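Q: With this note's numbering, letter number 383 in the sequence shown gets 1751, and the count goes up by one each step, no holes.
Virtual Cβ for every residue (Gly too), placed ideally from N, Cα, C.
Since we're looking at a predicted model, the values are computed, not measured.
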Amino acid sequence: MGAVGGGGSGGGGGGVLGRIGGALRARDFRWWFAGQVTSASGVMAQGVALSWWVLQQTGDAVWLSVMTFATWGPTLVGGAWAGALVDRSDRRKLLVVTQAALLGIATVLAVLAATGQLAIWNVVVASVLAGAVVAVDAPARQVYVVDLVGEEGVASAVGLWEVALNASRVIGPGIGGALLATSGVTACFVVNALTYVPPLVVLTKMKDRACAVRAHKDKGGAGTAREGLRYAFRSPIMRALLPMSAASGLIFGMSIALPPLVERGLHQGGGAYGAMMAAFGIGGLPGALLAAAQPVPTGRRVRVLGLVTAGAVGAIAIAPDLVVALGAMVLLGVASIWFIASANTLAQLRCAPEMRGRVMALWGMAMTGVAPVAGFGVAGVVEVVGPREGFAVSGVLLAGAVFGGWGALRE
1369 MGAVGGGGSG GGGGGVLGRI GGALRARDFR WWFAGQVTSA SGVMAQGVAL
1419 SWWVLQQTGD AVWLSVMTFA TWGPTLVGGA WAGALVDRSD RRKLLVVTQA
1469 ALLGIATVLA VLAATGQLAI WNVVVASVLA GAVVAVDAPA RQVYVVDLVG
1519 EEGVASAVGL WEVALNASRV IGPGIGGALL ATSGVTACFV VNALTYVPPL
1569 VVLTKMKDRA CAVRAHKDKG GAGTAREGLR YAFRSPIMRA LLPMSAASGL
1619 IFGMSIALPP LVERGLHQGG GAYGAMMAAF GIGGLPGALL AAAQPVPTGR
1669 RVRVLGLVTA GAVGAIAIAP DLVVALGAMV LLGVASIWFI ASANTLAQLR
1719 CAPEMRGRVM ALWGMAMTGV APVAGFGVAG VVEVVGPREG FAVSGVLLAG
1769 AVFGGWGALR E
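Next comes the structure, spelled out in structure tokens:
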């Protein structure tokens, strides 16, 4: 099917508002979108609490990079294989399995915390297991959006997906900070586990025909993870976009550099950390809506937004106080979400349909898989040089990636 229940979402009437809401014309996407807002909010709530808990338990930013590596390392190692699996699978059924597994892991963490057994080692193990599941879940979710709305609705759907994520960045840290202050980490784990239930219910209620638009079954070598790598590296625009995705991963992986910046650079506590994350989400909401409103992203727009994002990172790094840092964080939210949604849409629209799962898996490998490795370097800069310099690293790398891909994005 094309856009389930809705026809072309990218073109028709309604102007800007019509483009923003185009994907929502698909009934199944509406249900999916609502479930993802709920689930992502739980993940954000747990993430805020867990990062702060690890820092308080260890007093060392290096442990934050260990946690990041444990969570996203599996994507770096197995992302290409996961993409091939997504291209060959029924995405709806695959997502039922991955979401149920993540529910189980969150439940185990809640039980460990409630019984006083929560320790760094079992948190690391749980993070590795969750990371292995997410290596499959993330590209499956991105490609499933195309199954639901068709190619003509991709820009709207990706922008709305960023709306969901950024709504969760506002809701999640607020919930996480409040629960952390009043009830401790156990409540955050419980809330996260419960928020996996709505997406699971939605997925089980959807009919298989919602997955009728699938990447073609591959033949021979085209079905391999290796072929996905070859495809990406033969494409100039993919070679330009993937390094930008990798640099952006360090920005979105703020759990390494932001807590030390808040604690040591701005001399604030856990509430301020939650406020910084919420400020990012507040900025991200209009950024995502702007991304959803654009008919088709252009290389020029991606370049400009990448440089604005890098500049916002620098402004946060040199902010003299919390008020200035919060303002710069809002700007970072607007620019970075508009940038990454535009780049993601460009990557999806420029790749062959039968390769989309593998390309999105490589996107995930770049954004979330490289970050854990680079995160050790960032943590080293934080500890040896300072938290402000450590936070600035991601902005410098993103600016370098934009200039490196400048020529390919002229087209």
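Just how far apart, CA to CA, sit Ala1760 and Thr1572?
A: 44 angstroms
Q: Would you say Phe1759 lies against chain C (beta-carbon separation less than 8 angstroms)?
A: The structure shown contains no chain C, having only a single protein chain.
Q: Taking just the CA atoms, how far does Ala1687 sit from Val1752?
A: 20 angstroms
Q: Verify whether the separation of the beta carbon atoms of Gly1772 and Pro1611 is less than 8 angstroms.
A: Less than 8 angstroms divides the Cβ of Gly1772 from the Cβ of Pro1611.
Q: What does the Cβ neighbour count give for Cys1579, buried or exposed, with the cut at 16 atoms within 10 Å?
A: Here Cys1579 scores only 45 on pLDDT, less than 50, and its place in the model should not be relied on; the value that follows carries that caveat. When all chains shown are included, Cys1579 counts as buried.
Q: Going by DSSP, what residue range makes up the alpha helix (DSSP H) through Trp1421?
A: 1395-1426 is the extent of the alpha helix (DSSP H) around Trp1421.
Q: Using the C-alpha atoms, what's the distance from Gln1424 back to Gly1322?
A: Because the chain in this structure spans residues 1369 to 1779, residue 1322 falls outside the shown range and cannot be described.
Q: Could you check whether Ala1523 and Thr1851 sit closer than 8 angstroms to each other, using their CB atoms as the reference points?
A: Since the first residue shown for the chain is 1369 and the last is 1779, residue 1851 is missing from the structure and cannot be characterised.
Q: Would you mind listing the alpha helix (DSSP H) stretches within the region 1434-1475 that are 4+ residues and don't spill past its ends, in chain order?
A: Segments of the alpha helix (DSSP H) lying fully in the region 1434-1475: there are none.
Q: Quick one: grab the DSSP three-state call for Thr1736.
A: The answer is helix: DSSP assigns Thr1736 an H, G or I state.
Q: Under three-state DSSP, which class holds Leu1675?
A: helix
Q: Within its chain, find whatever has a CB closer than 6 angstroms to the CB of Trp1774; leave out the 5 residues flanking it on each side and keep chain order.
A: none
Q: When the Cα atoms are used, what is the spatial distance from Thr1677 to Gly1655?
A: 11 angstroms
Q: Using three-state DSSP, classify Tyr1564 as helix, strand or coil.
A: coil
Q: Go to Pro1507, then tell me how far its alpha helix (DSSP H) extends in each direction, as first and last residue.
A: Taken as a continuous stretch (DSSP letters only), the alpha helix (DSSP H) holding Pro1507 covers 1488-1517.
Q: What is the DSSP secondary structure of Ser1762, reduced to helix, strand or coil?
A: helix
Q: Once DSSP output is grouped into helix, strand and coil, what is the label at Trp1529?
A: helix
Q: Quick check: Ala1709 and Val1526, are their CB atoms within less than 8 angstroms of each other?
A: Their beta carbons are under 8 angstroms apart, which means Ala1709 touches Val1526 by this criterion.
Q: Among Thr1592, Val1672, Val1738, which residue has its Cα nearest to the Cα of Met1723?
A: Thr1592
Q: Spatial neighbours of Leu1675 within its chain, please: C-beta separation below 7 angstroms, excluding the five flanking residues on both sides.
A: Ala1767, Val1770
Q: Measure the Cβ-Cβ separation of Ala1647 and Gly1701 and say whether it is below 8 angstroms.
A: For Ala1647 and Gly1701, yes; Cβs fall inside 8 angstroms.
Q: Taking 8 angstroms as the threshold (C-beta atoms), are Thr1563 and Val1502 in contact?
A: Going by C-beta atoms, Val1502 is not nearer than 8 angstroms to Thr1563.
Q: With H, G and I counted as helix, E and B as strand and the rest as coil, what does DSSP make of Leu1634?
A: Coil at Leu1634, not helix or strand.
Q: According to DSSP, simplified to helix, strand and coil, what is Gly1772?
A: helix
Q: Short check: CB of Phe1557 to CB of Ala1640, under 8 angstroms?
A: no
Q: Quick one: give me the first and last residue of the alpha helix (DSSP H) that Val1340 is part of.
A: Nothing in the structure corresponds to residue 1340, since the chain is present only between 1369 and 1779.
Q: Classify Met1622 as helix, strand or coil using the three-state DSSP reduction.
A: Of the three classes helix, strand and coil, the one that applies to Met1622 here is coil, per DSSP.
Q: Using the Cβ count rule (16 or more neighbours within 10 Å means buried), how would you classify Pro1604?
A: With fewer than 16 other Cβ atoms within 10 Å, it is exposed.
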